[in-house]
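**Student:**
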Amino acid sequence: MVDILSFLPLLAETNRKKTLGDIRKLLSGDTGLLDARNRDIFAEAFPYLHGLGLSEKLCSTTSCRGCSMLPPAGGCMDYLAGGDGELALRLGTSDEPFGVVNVGDAKKVAELCEQHPDLLIVNEKSFGTSLFRTLNERDSKLNLLIGSKRFSEGWNSYRVSTLGLMYVGQNEGSEIIQLFGRGVRLRGYAHSLKRCQGYPLGCARSGIEWIAKDHQLPLLETLNVFGVKSDYMARFNDFLEGEGIRKPDDRMAFTIPVRLNKLPTVPLITVRVPDNINFKKETEATLGLASEINLGSGHVVLDWYPRVASKVSKGVSQTQLVTSLHQQRLSPAHLAFIDFDAIYLQLQQLKAERGWHNLNLGRELARALLSPPNDDWYILYAPPEVFEFDRFEKVREWEEIAVALLRKYCDRFYKAKKDAYEAPFREYRELQLDDPNFIAEYKVLVDQSEKLIIQRIKELERNISNGLLHDFNIGGRGEAVFFDQHLYAPLLHLRKGVDSDLFNITPVALNEGERDFVMDLRTYYQTKPAILEDKEVYLLRNQSKGRGVGFFEAGNFYPDFILWILTAGEQHVIFVDPKGILRCEGFNDPKLKFHQTIKEIEAKLAHKDPVRAGKIFLHSFVVSNTPLGQVRWWSEGMATVEDFAKRHVLFQKEQGVSYVERMFDVAK
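Convert by adding 46 to the 1-based position in the sequence shown; the result is the number in our numbering.
Spelled out as structure tokens, the structure:
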């Protein structure tokens with residue numbers, strides 16, 4: 047304690063030069079304090095200040111606030127004998143304390159500090175009110191609290207920004223968990239006790255509105271913890287790992303470069319909405335009932351079984367086989383217990399997270415959407431016991447289910463509104479290298495324990511830099527696929543079941559079906575079949591919502607790939623979607639009917655662009671990795687692969703590579 051108090055005079059005016067030097071070191075990230083991976087612990091600690099470029103100004107400001115008020119003799123400390131035995135910290139001749147010391151034996155600390163009169167001037171005062179108890183008051187001028195184990199014995203403060211710990215967590219026990227769990231609080235908006243997802247603004251029209259948070263807001267919601275001679279962080283991380291939470295530092299970041307292939311001399315045609323069409327700025331969308339808009343692609347489906355299994359098996363090794371999924375409903379009796387005001391706030395946070403500034407949310411709509419007869423838009427799979435009225439604690443889970451359903455619904459509704467607005471403006475556009483479907487690099491996060499993957503990732507980086515572009519196995523967890531006709535390389539694939547905490551790729555890696563399609567197409571192309579004579583073939587992965595090409599008409603359908611076949615002045619643009627079709631709603635599913643819908647789109651675009659009419663042809667295929675035997679019951683008489691192929695549904699397993707040729711038949 048005395049060591050900490052003795053540090054304050056080191057900021058005095060007589061030490062100004064050293065103080066400024068120390069501040070510059072902190073801001074520069076060159077302190078010489080290294081972590082386990084040999085990185086300076088302050089290297090990226092002050093992004094906001096670096097962004098402002100105010101390092102020198104900050105040094106001067108800090109010195110003025112922290113040094114100029116201190117006399118050469120040092121700081122002042124008052125022992126408040128009449129209160130709870132506290133120590134008030136003052137600067138120079140100021141009567142306003144800037145900090146308080148709250149320990150079990152304040153008088154003894156004062157006596158020890160009196161032994162250093164060159165650093166601290168100690169006074170004794172009678173005082174009737176505890177400074178410690180005023181910490182959480184709005185007008186409190188106290189910015190520094192120094193204490194001991196009392197903090198782990200029951201206290202509460204929302205003002206904590208930085209914790210400095212000495213000799214904490216050195217022994218076994220729950221001391222460090224109590225410190226974080228009891229004393230440090232994040233108030234959050236509306237006392238939510240969690241991080242905000244946006245800034246709340248008052249709005250008389252529809253209650254609370256939110257605007258999206260900027261990237262600096264998390265800095266205000268972050269607790270900074272520093273320790274000297276403390277084992278607290280190692281113990282705290284051990285506790286978190288026991289709960290299944292991994293540290294960010296456990297993962298190493300890599301950047302895998304992407305090689306862009308040269309575009310053909312004949313411009314490739316894609317379908318896009320003009321850049322000057324802005325749904326968010328040009329119109330409003332009011333969340334409504336499902337009957338008011340074509341949501342497309344069937345019901346909103348929520349499978350609650352995995353979450354229940356996670357809760358049941360936490361910390362317990364068990365094997366559980368679910369033989370059948372039970373459909374459930376949130377009945378009016380369940381809804382009667384749910385806090386819809388809390389749900390409304392969570393939907394407002396979703397709106398802020400997604401940047402849906404033009405979406406209006408009615409406060410009562412959530413209840414209406416979940417109440418009969420307006421609740422036919424969702425399918426919910428969950429164990430029957432979740433909805434039994436036997437424990438009041440289940441209300442919280444019902445609310446979680448309601449929020450999960452409504453989040454999915456809002457997402458579907460907003461995108462349907464957006465695509466419906468943009469669809470009439472859709473046009474043919476020549477593909478350029480600045481198209482959002484092109485990527486510059488992959489970002490890869492790998493757990494430090496995965497030594498083989500890390501080694502292979504580094505080797506892959508070197509291969510690409512040296513122009514060695516061939517298929518590459520990534521430690522048995524995935525692979526890099528190279529196909530000359532794809533417009534960039536490589537395509538990265540992660541095998542099914544790989545833990546995203548151990549190995550994560552952004553943009554999202556290919557799944558099994560997508561990878562198999564690329565390999566099948568490459569194999570077929572390399573055999574140089576007669577059907578490809580005098581034809582050029584190009585492939586491009588279509589990015590997900592917001593970047594790729596999507597179609598409102600098929601329920602916000604974003605096919606996984608765009609395949610071009612160029613022949614004799616014609617261009618066939620084929621949208622290919624490798625997927626499982628077991629949960630599709632038969633041949634009436636909008637994605638499976640899209641091979642017909644896209645011809646209607648082609649006719650509209652030809653009318654808008656008569657120069658390209660008769661030269662550009664649009665097609666769609668679904669490549670199923672679901673076996674034929676599991677879906678042949680869809681329609682009477684649909685018993686063979688050929689029956690499905692007539693509906694542009696092809697099977698990877700039954701047809702082998704030959705299914706690829708069926709797609710090229712459209713260009714005959």
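Glycine is no exception: its CB is placed at the ideal position from the N, C-alpha and C atoms.
All values derive from a computational prediction rather than experimental measurement.
Shortest alpha-carbon distance to Tyr-604 belongs to which of Ala-134, Leu-638, Gln-374, Arg-85?
**Tutor:** Answer by Cα proximity: Leu-638.
**Student:** Hey, Gln-373 and Ile-425: beta-carbon distance below 8 Å or not?
**Tutor:** Contact: yes.
**Student:** Taking the alpha-carbon positions, what's the Val-347 to Leu-396 distance?
**Tutor:** Answer to the nearest angstrom: the Cα atoms are 19 Å apart.
**Student:** Throw me the rounded Cβ distance for the His-539 and Arg-561 pair, which I believe falls under 8 Å.
**Tutor:** That belief holds up - the Cβ atoms of His-539 and Arg-561 are roughly 4 Å apart, short of 8 Å.
**Student:** Thinking just about the alpha-carbon of each residue, which of Arg-658, Val-706, Pro-143, Pro-310 is nearest to the one in Glu-616?
**Tutor:** It is Arg-658 whose Cα lies nearest to the Cα of Glu-616.
**Student:** With DSSP as the reference, label Thr-365 as helix, strand or coil.
**Tutor:** The predicted model places Thr-365 with a pLDDT of 36, which falls under 50 and marks its position as unreliable; any figure quoted below should be read in that light. It is coil, neither helix nor strand.
**Student:** Does the Cβ of Phe-621 have 16 or more other Cβ atoms within 10 Å, making it buried, or fewer, making it exposed?
**Tutor:** It counts as buried.
**Student:** Would you list, in sequence order, the uninterrupted alpha helix (DSSP H) runs of no fewer than 4 residues that lie entirely inside the region 631-705?
**Tutor:** As far as the region 631-705 is concerned, its whole alpha helix (DSSP H) runs of at least 4 residues are 640-654, 687-691, 698-701.
**Student:** Quick one: does Ala-526 have its CB under 8 Å from some CB of chain D?
**Tutor:** Here chain D cannot be found, since the structure has a single protein chain.
**Student:** Asn-148 bridges to which residues according to DSSP?
**Tutor:** DSSP output for Asn-148 lists Gly-193 as bridge partner(s).
**Student:** Just checking, does the region 698-711 make contact with the region 566-578 on the three C-beta pairs under 8 Å criterion?
**Tutor:** Touching, yes, given that three or more Cβ pairs across the two stretches are closer than 8 Å.
**Student:** Tell me whether the beta-carbon of His-665 lies closer than 8 Å to the beta-carbon of Val-712.
**Tutor:** Yes.
**Student:** Under a Cβ-count criterion, where at least 16 other Cβ atoms within 10 Å of its own Cβ denotes burial, should Ala-299 be classed as buried or exposed?
**Tutor:** Its Cβ having fewer than 16 others within 10 Å, Ala-299 is exposed.
**Student:** For the 8 Å Cβ check, are there 3 or more pairs between the region 566-585 and the region 448-468?
**Tutor:** At 8 Å Cβ cutoff, the stretches do not touch.
**Student:** If you measure between the beta carbons of Ile-608 and His-618, is that distance less than 8 Å?
**Tutor:** No.
**Student:** Taking its Cβ as the centre, do 16 or more other Cβ atoms sit within 10 Å of Gln-676, making it buried, or is it exposed?
**Tutor:** Per the 10 Å Cβ criterion, exposed.
**Student:** Cα separation between Ile-389 and Glu-445?
**Tutor:** Rounded to whole angstroms, Ile-389 to Glu-445 spans 8 Å at the Cα level.
**Student:** Cα-Cα, which of Pro-636, Phe-710, Ala-555 is closest to Lys-542?
**Tutor:** Out of Pro-636, Phe-710, Ala-555, Ala-555 has the C-alpha closest to the C-alpha of Lys-542.
**Student:** Would you kindly work out how many angstroms separate the C-alpha atoms of Leu-126 and Val-146, rounded to a whole number?
**Tutor:** Those two C-alpha atoms are separated by around 10 Å.
**Student:** Who pairs with Glu-582 in a beta bridge, going by DSSP?
**Tutor:** In DSSP, Glu-582 forms a bridge with Leu-612.
**Student:** Just to confirm my understanding: we take Pro-320, look at its own chain, exclude 5 residues before and 5 after, and list those with CB closer than 7 Å. What are they?
**Tutor:** Answer for Pro-320: Phe-471, Glu-473, listed in chain order.
**Student:** Report the start-end ranges of each beta strand (DSSP E) in the region 481-526 that is 3 residues or longer and not cut off at the edges.
**Tutor:** You should have 487-493, 518-520.
**Student:** By the DSSP assignment, the beta strand (DSSP E) with Thr-311 in it spans what residues?
**Tutor:** Per DSSP, Thr-311 belongs to no beta strand (DSSP E) and is neither H nor E.
**Student:** Could you check if Thr-552 is buried or exposed, using at least 16 other CB atoms within 10 Å of its CB as the buried criterion?
**Tutor:** Result: exposed.
**Student:** For the alpha helix (DSSP H) holding Asp-465, just list the boundary residues, first then last.
**Tutor:** Per DSSP, Asp-465 belongs to the alpha helix (DSSP H) from 440-468.
**Student:** What first and last residue would you give for the alpha helix (DSSP H) that runs through Asp-387?
**Tutor:** Note, Asp-387: alpha helix (DSSP H), 386-400.
**Student:** With DSSP as the reference, label Glu-157 as helix, strand or coil.
**Tutor:** Of the three classes helix, strand and coil, the one that applies to Glu-157 here is helix, per DSSP.
**Student:** Taking Arg-453 as the reference, which of Gln-394, Lys-153, Arg-442 has the closest Cα?
**Tutor:** Minimum Cα distance to Arg-453 is reached at Gln-394.
**Student:** How far does the beta strand (DSSP E) with Thr-569 in it extend, from its first residue to its last?
**Tutor:** Thr-569 -> not in any beta strand (DSSP E); alpha helix (DSSP H) instead, spanning 558-572.
**Student:** For Phe-325, which beta-bridge partners are listed by DSSP?
**Tutor:** Its beta-bridge partners do not exist; DSSP assigns none.
**Student:** Quick one, are the C-beta atoms of Asn-169 and Asp-141 less than 8 Å apart?
**Tutor:** No.
**Student:** Would you kindly report the start and end of the unbroken alpha helix (DSSP H) that includes Phe-549?
**Tutor:** That residue, Phe-549, is in no alpha helix (DSSP H); its beta strand (DSSP E) goes 549-552.
**Student:** Give the range of the beta strand (DSSP E) segment to which Arg-413 is assigned.
**Tutor:** No beta strand (DSSP E) contains Arg-413, which is instead part of the alpha helix (DSSP H) from 411-416.
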